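Chemist:
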Amino acid sequence: MSEKNDKYILQSVSNSLDILDLLAENKNLSVPEIAELSGFGKSSVFRILATLEDKNYVKKSEDARYSLDIKLAYLGQAAMDQDNLIKYCHPYLETLSAKSGETSHLTISYRTFYIRFIDKVVSNATIHMDSHTGFIRHSHYTAGGKILLAYSSDLTQENYIQNVSFDAMTKKSILSGDALMKELKKIKKQGYAIDDEESEYGLFCIAAPIFDFSGQAIAAVSISGPTARMLENMERNIMLVSETGKAITDMLCSAIFPDGK
Numbered sequence: 001m002s003e004k005n006d007k008y009i010l011q012s013v014s015n016s017l018d019i020l021d022l023l024a025e026n027k028n029l030s031v032p033e034i035a036e037l038s039g040f041g042k043s044s045v046f047r048i049l050a051t052l053e054d055k056n057y058v059k060k061s062e063d064a065r066y067s068l069d070i071k072l073a074y075l076g077q078a079a080m081d082q083d084n085l086i087k088y089c090h091p092y093l094e095t096l097s098a099k100s101g102e103t104s105h106l107t108i109s110y111r112t113f114y115i116r117f118i119d120k121v122v123s124n125a126t127i128h129m130d131s132h133t134g135f136i137r138h139s140h141y142t143a144g145g146k147i148l149l150a151y152s153s154d155l156t157q158e159n160y161i162q163n164v165s166f167d168a169m170t171k172k173s174i175l176s177g178d179a180l181m182k183e184l185k186k187i188k189k190q191g192y193a194i195d196d197e198e199s200e201y202g203l204f205c206i207a208a209p210i211f212d213f214s215g216q217a218i219a220a221v222s223i224s225g226p227t228a229r230m231l232e233n234m235e236r237n238i239m240l241v242s243e244t245g246k247a248i249t250d251m252l253c254s255a256i257f258p259d260g261k
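Each residue of the sequence shown is one higher than the one before, counting from 1 in UniProt numbering.
#1: Determine the contact status of H121 and S100, defining contact as a CB-CB distance below 7 Å.
#2: Hey, could you find the ends of the beta strand (DSSP E) H138 is sitting in?
#3: At 3 residues or longer, and completely inside the stretch 113-165: list those beta strand (DSSP E) runs for me, N to C.
#4: Measure the beta-carbon distance from I115 to L148 and round it to whole angstroms, keeping in mind my assumption that it falls under 8 Å.
#5: Could you name the residues of the same chain whose beta carbon sits closer than 8 Å to that of Q191, not counting the 5 residues immediately before and after it, in chain order?
#6: Would DSSP call T249 helix, strand or coil?
#7: Near T244, which residues of its chain fall below 6 Å by C-beta distance, leaving aside the five closest residues on each side in sequence?
#8: On the three-state DSSP scale, how would you describe K60?
#9: DSSP three-state label for S30, please.
#10: What's the C-alpha gap between R229 and I187?
#11: Could you tell me which residues DSSP puts in a beta bridge with Y110?
#12: Buried or exposed, going by whether 16 or more other CB atoms sit within 10 Å of the CB of V13?
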C-alpha cells in the first residue's frame with residue numbers, strides 16, 4: 001500500500017479483517033493460535049474477537065475456538081451479483097451441456113413476474129435449442145421460472161397469479177392460476193420442473209433450483225432440447241440437472257462456510 005493511502009487506514013479495522021481472513025483459511029482457531037499466525041498480541045486478538053462475536057461475525061465454541069459466523073454469509077450473499085453468479089456457475093453449465101448433449105441455461109427471477117436467461121452453453125448437436133442471454137419471459141412458461149415460483153413464498157405466488165395473464169403460447173400452456181398452483185405443488189414435491197412444449201412446440205426443458213445458504217432459491221439451472229430427444233433420455237436428464245443444481249448450491253455455500261456449517 002502506498003504511503004499516501006496509509007494515513008487513511010484505521011489499524012484496528014485492518015487487524016480485524018486480517019483475523020477474519022485467517023479464520024476463512026483456518027477454521028476453529030484459539031486465541032493463542034490466532035495471535036501466533038497474525039503477529040498480534042493476545043490481548044488485542046481477544047478484544048477484536050469479542051467485538052466480532054458480539055456482531056455475529058465470528059462464533060466461539062465450548063472449547064474457546066473461533067470460526068466464522070452467519071453474518072458473513074449475509075455479506076457474501078449481498079456480494080453475489082449477477083456477474084459473480086455467472087462466473088461461479090458457468091463451469092457447471094459447461095459440464096452439464098457436455099454430459100447431456102443439450103443446451104444449458106442459468107436463469108434468475110426478474111421484476112417479480114419474469115424469468116431472465118443470464119448465461120448459456122450451447123449444445124454441439126446439429127439440432128439444438130438456440131437462445132440468447134438477456135432473454136425474458138413470463139415465469140410460468142418456462143421450467144426455470146416454474147421452479148423458482150415453486151420455491152417462492154405464498155405471497156409471491158399469489159401476487160403472480162393475480163397480476164399475470166395466462167395466454168396460450170401453445171396448446172400445452174398453463175392457462176389459469178389454479179392450474180399453475182397445482183403444477184407448483186408437484187414441482188416442489190419432486191424437486192425439478194419441466195416445460196413440455198408449453199412455450200414453443202418441439203421444445204422440452206428440465207430445470208432444478210439453486211439455493212443460497214439460507215435455503216432461498218436464487219437461480220435455476222436447466223437444459224433444453226428437441227422434445228423427442230429429451231424424452232428419450234428423460235431419467236438421465238432429470239438426474240443430471242438435479243445433480244448440477246445441488247453441486248452449484250454446495251459450491252456457493254461452501255465458499256461461505258468451508259466447514260459445511
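Even for Gly, the Cβ is constructed at its ideal location relative to N, Cα and C.
It should be emphasised that the depicted structure is a prediction, and the values quoted were computed from it without experimental measurement.
Modeler: Result, derived from the coordinates:
#1: At residue 121 the sequence reads Val, which differs from the His that was named. Result no, Cβ atoms of V121 and S100 do not sit closer than 7 Å.
#2: I136 to H138
#3: 114-121 and 136-138
#4: 7 Å
#5: The sequence given here has Gly at residue 191, not Gln. The answer, listed in chain order, is A208, P209 and S242.
#6: helix
#7: Y92, L96 and V221
#8: strand
#9: coil
#10: 22 Å
#11: Y114
#12: exposed
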